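S.K.: Questions regarding the structure given below will be posed in turn.
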Ligand SMILES: Cc1cc2nc3c(=O)[nH]c(=O)nc-3n(C[C@H](O)[C@H](O)[C@H](O)COP(=O)(O)OP(=O)(O)OC[C@H]3O[C@@H](n4cnc5c(N)ncnc54)[C@H](O)[C@@H]3O)c2cc1C
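This is the structure we're talking about:
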C-alpha cells in the first residue's frame with residue numbers, strides 16, 4: 008500500500024474544485040483496501056471512498072482524513088442459462104466497460120453509455136439514463152464490510168435500489184466499500200429504445216438499431232446536452248445533473264401544475280411510483296430565472312443543460328454551493344418545491 012500525503016483532489020473530480028486529501032491511498036486489491044482502512048482506524052482518520060470523482064463536490068479545505076481511491080481492475084465474463092455474467096472490478100472505467108459489453112453483443116446497459124465514473128460508483132446512486140438503471144442488471148455486489156472486516160456478496164434485493172438511491176447512499180452510508188460488481192446481461196438481446204430522445208433520434212428507420220448504434224446515439228445525445236466528458240468542452244466541467252427530479256404526490260403535483268398554468272406554462276412530468284409523479288428539475292431551474300449559460304462569478308449553468316452547474320474556470324467549492332443555494336431558494340419561493348442535490352458533498 009502506498010500512502011501519500013496532501014494530494015490535491017480537484018484534478019480527481021469532474022467538477023474540478025476543492026482542496027487536498029490529508030492522506031491518500033489508491034487500492035488495487037481487496038487486501039490494500041483492508042490495509043488502508045486499518046491504517047485509518049489506528050490513526051483515527053475519517054475515511055472517504057473515491058471512485059471516478061464524477062458525482063462529488065469537494066470542500067475548499069479538502070478532506071482532513073484519508074481518501075481511499077478504489078482502483079481494483081478486471082472484467083471477467085461467463086455464460087449460464089442464456090445470461091452473460093460480467094464480474095467487474097470497482098475501479099474499472101464505467102463507459103469502457105459498457106463499450107466492452109456492446110462489443111460482446113450483450114444487452115442491458117447500452118443506454119448507460121457515456122456516463123463518467125467508475126463501475127464501483129454505479130450501485131451507489133443506482134445510476135440511470137435513457138430508460139435503463141443499473142438496478143435492472145446488477146446481479147450482486149461484492150463489498151468490504153467496515154463493520155466487521157468481512158468481504159460479503161450482496162444480492163440485488165439487499166442493495167435496496169430505488170430512484171438515484173441504494174443502501175450505499177442511505178441507510179448503510181459509509182459502511183461498505185464496493186470491490187466488484189456482477190452484471191447479468193442478455194447475449195444477443197435487443198437494444199432498449201424506450202426513451203423519447205432515442206425514439207426521436209431513430210425516427211423514420213425501418214430496422215431496429217443494434218446495440219452499437221444505440222450506444223453511439225446515446226453518446227451523441229449526451230454530448231449535445233454537455234453530459235458527456237469531452238476534452239475542451241467548458242460545459243462538461245460539472246458533476247452532471249446537480250439536482251434530482253423531484254418525486255411529488257398527486258396533490259403536490261396538482262398544486263404545481265396549477266402554478267404553472269397560472270403563468271401560462273406547461274409542466275412536463277412523468278409517472279413515477281404508484282400515486283406519484285416525477286417532475287423535471289431542469290424545467291423548475293429554468294423557469295426560476297436560471298437560463299442555460301447563466302453566469303455567477305467562476306461558476307454558472309451549462310449552456311447546453313439547465314441542470315448542470317459548471318466550473319467556468321478557477322471556481323471554488325464555496326461558489327458552487329452559493330449558486331446551488333440560490334437555485335434551491337428561488338425554486339422553493341416560486342414553485343414551493345424543495346430541490347435535492349444529487350452530488351455527494353465531501354468535507355463540508
Ligand atoms: C457529465 C456527467 C454526466 C452524468 N450523467 C449521469 C447520468 O446520466 N446518470 C447518473 O445516474 N449519473 C450521472 N452522472 C453522475 C456520476 O457520473 C455517477 O453517479 C457515477 O456513477 C459516479 O461514479 P464515480 O466512480 O465517479 O463516483 P464518485 O463521484 O467518486 O463517488 C460518488 C459516491 O460514490 C461513493 N463510491 C464511489 N466508489 C465507491 C466504492 N468503490 N465503494 C463505495 N462507495 C463508492 C463515494 O464515496 C461517493 O459517495 C454524471 C456525471 C457527470 C459529470
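Residue numbers (this note's numbering): 8 to 355. Backbone N, C-alpha and C define an ideal beta-carbon position, used for all residues, glycine too. All values derive from a computational prediction rather than experimental measurement.
(1) Would you check if the distance between the CB atom of residue 233 and the CB atom of residue 315 is smaller than 8 Å?
(2) List the endpoints of the continuous alpha helix (DSSP H) containing residue 343.
(3) As a quick exercise: from 293, 54, 138, 95, pick the residue whose alpha carbon is nearest that of residue 181.
(4) Just the C-alpha distance for residue 266 and residue 342, rounded to the nearest angstrom, thanks.
(5) Does the distance between the C-beta of residue 60 and the nearest non-hydrogen atom of ligand 1 fall short of 7 Å?
(6) Among the residues of its own chain, which have a CB less than 6 Å from the CB of residue 76, if the five just before and after it don't count?
(7) If I'm right that residue 90 touches residue 193 with Cβ under 8 Å, what's the distance once you round it to whole angstroms?
(8) Are the segment 111–122 and the segment 224–232 touching, with three or more C-beta to C-beta distances below 8 Å?
(9) Is residue 352 near ligand 1 - that is, is its Cβ less than 7 Å away from at least one heavy atom of it?
(10) I need the boundaries of the alpha helix (DSSP H) containing residue 103, first residue and last residue.
(11) Should residue 85 go down as buried or exposed, given a rule of 16 or more other Cβ atoms within 10 Å for buried?
(12) Classify residue 355: buried if its beta carbon has 16 or more other beta carbons within 10 angstroms, exposed otherwise.
(13) Taking DSSP as the reference, what is the three-state secondary structure of residue 216?
(14) Using a Cβ distance threshold of 8 Å, determine whether the segment 295–312 contacts the segment 240–247, with at least three qualifying pairs required.
(15) At the level of alpha carbons, what is the spacing between residue 237 and residue 71?
(16) With three or more C-beta pairs closer than 8 Å as the rule, is the segment 41–50 touching the segment 91–100?
(17) Determine, for residue 249, whether the minimum Cβ-Cβ distance to residues of chain B falls below 8 Å.
(18) Can you tell me whether DSSP reads residue 21 as helix, strand or coil?
(19) With DSSP collapsed to three states, give me the class of residue 119.
(20) Measure how close the beta-carbons of residue 65 and residue 25 come, nearest whole angstrom, since I'm counting them as under 8 Å.
(21) Would the C-beta of residue 35 count as close to ligand 1, meaning under 7 Å from any of its heavy atoms?
(22) If we ignore side chains and look at the alpha-carbon of each, how far apart do residue 290 and residue 103 end up?
(23) Please confirm if the segment 165–172 is in contact with the segment 136–150, defined as three or more CB-CB distances below 8 Å between the two stretches.
(24) Assign residue 247 to one of two classes, buried (16 or more other C-beta atoms within 10 Å of its C-beta) or exposed (fewer than that).
(25) Does the beta-carbon of residue 256 have 16 or more other beta-carbons within 10 angstroms, so that it is buried, or is it exposed?
(26) On the DSSP letters alone, give me the boundaries of the alpha helix (DSSP H) that residue 244 sits inside.
M.R.: Taking the definition as stated:
(1) Closer than 8 Å, so yes.
(2) For residue 343, no alpha helix (DSSP H) encloses it, and the DSSP letter there is neither H nor E.
(3) Ranked by Cα distance from residue 181, the options 293, 54, 138, 95 are led by 54.
(4) Take the alpha-carbon of residue 266 and the one of residue 342: they are about 7 Å apart.
(5) For residue 60, the Cβ falls inside the 7 Å cut-off from some heavy atom of ligand 1.
(6) For residue 76, where only same-chain residues beyond five positions count, the Cβ hits under 6 Å are 33, 57.
(7) Contact flag correct, Cβ pair sits at about 7 Å.
(8) In this structure the segment 111–122 lies against the segment 224–232, because at least three pairs of beta carbons, one per stretch, are closer than 8 Å.
(9) With a cut-off of 7 Å, the C-beta of residue 352 is classified as distant from ligand 1, since no heavy atom of the ligand falls inside that distance.
(10) Residue 103 -> alpha helix (DSSP H) spans 101–110.
(11) Flag for residue 85 reads exposed.
(12) Classification for residue 355: exposed.
(13) Note: residue 216 maps to coil in three-state DSSP.
(14) At 8 Å Cβ cutoff, the stretches touch.
(15) The alpha-carbon atoms of residue 237 and residue 71 are separated by roughly 31 Å.
(16) Flag = no, the segment 91–100 and the segment 41–50 do not touch.
(17) Although the question refers to chain B, the structure presented lacks it and comprises just one protein chain.
(18) Here DSSP, grouped into helix, strand and coil, assigns residue 21 to coil.
(19) In the three-state scheme derived from DSSP, where H, G and I count as helix and E and B as strand, residue 119 is classed as helix.
(20) The Cβ separation is near 3 Å, so the contact holds.
(21) Short note on residue 35: C-beta not closer than 7 Å to any heavy atom of ligand 1.
(22) In a straight line, the C-alpha of residue 290 is about 31 Å away from that of residue 103.
(23) Three or more beta-carbon pairs separated by less than 8 Å link the segment 165–172 to the segment 136–150, which places the two stretches in contact.
(24) Burial call: buried.
(25) The residue is exposed, with fewer than 16 neighbouring Cβ atoms inside 10 Å.
(26) Looking at the DSSP string, residue 244 is not in any alpha helix (DSSP H), and its letter there is neither H nor E.
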